[in-house]
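Please read the structure below before turning to the comments.
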Amino acid sequence: MFKSRKAGRNDSWEGVVIDKSRGMLDGSNMYHFVEVRLTDGESAKVRTSGRFWKSVAVGDRIVKRPGSDPVKG
Numbered sequence: 035m036f037k038s039r040k041a042g043r044n045d046s047w048e049g050v051v052i053d054k055s056r057g058m059l060d061g062s063n064m065y066h067f068v069e070v071r072l073t074d075g076e077s078a079k080v081r082t083s084g085r086f087w088k089s090v091a092v093g094d095r096i097v098k099r100p101g102s103d104p105v106k107g
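So this is what it looks like as structure tokens:
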């Protein structure tokens, strides 16, 4: 099971992108999501910026450290 949310400032995780999606959930704003297979085997669907979403591809490894945004790693 996975949860869908924006990555918190103090979250820390790493994993591999397994899917990308986007949508106008509220009818007026575009939201971008990446689904990540975390190193512990769990999946997480995380909201990201449009710029970051465009820069990653399925199979890319990404890292989220406390106090920073997710980055390709």
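The opening position of the sequence shown corresponds to residue 35 in the working numbering, with each subsequent residue numbered one higher. Even glycine gets a Cβ: it sits at the ideal position worked out from N, Cα and C. Predicted, not measured: the structure shown is a model, and the values here were computed from it.
State the DSSP-derived secondary structure class of residue i, mapped to helix, strand or coil.
i, result
"R95", "strand"
"G107", "coil"
"S89", "helix"
For residue i, count neighbouring Cβ atoms within 10 angstroms of its own Cβ and tell me buried if that reaches 16, exposed if not.
i, result
"V80", "buried"
"V105", "exposed"
"A78", "buried"
"V51", "buried"
"G57", "exposed"
Mind checking who residue i pairs with in its DSSP beta bridge?
i, result
"D53", "E69"
Alpha carbons only, please: which of the options is nearest the one belonging to residue i?
i, options, result
"R71", "N63, S89, K40 and V97", "V97"
"D103", "T82, G93 and A91", "T82"
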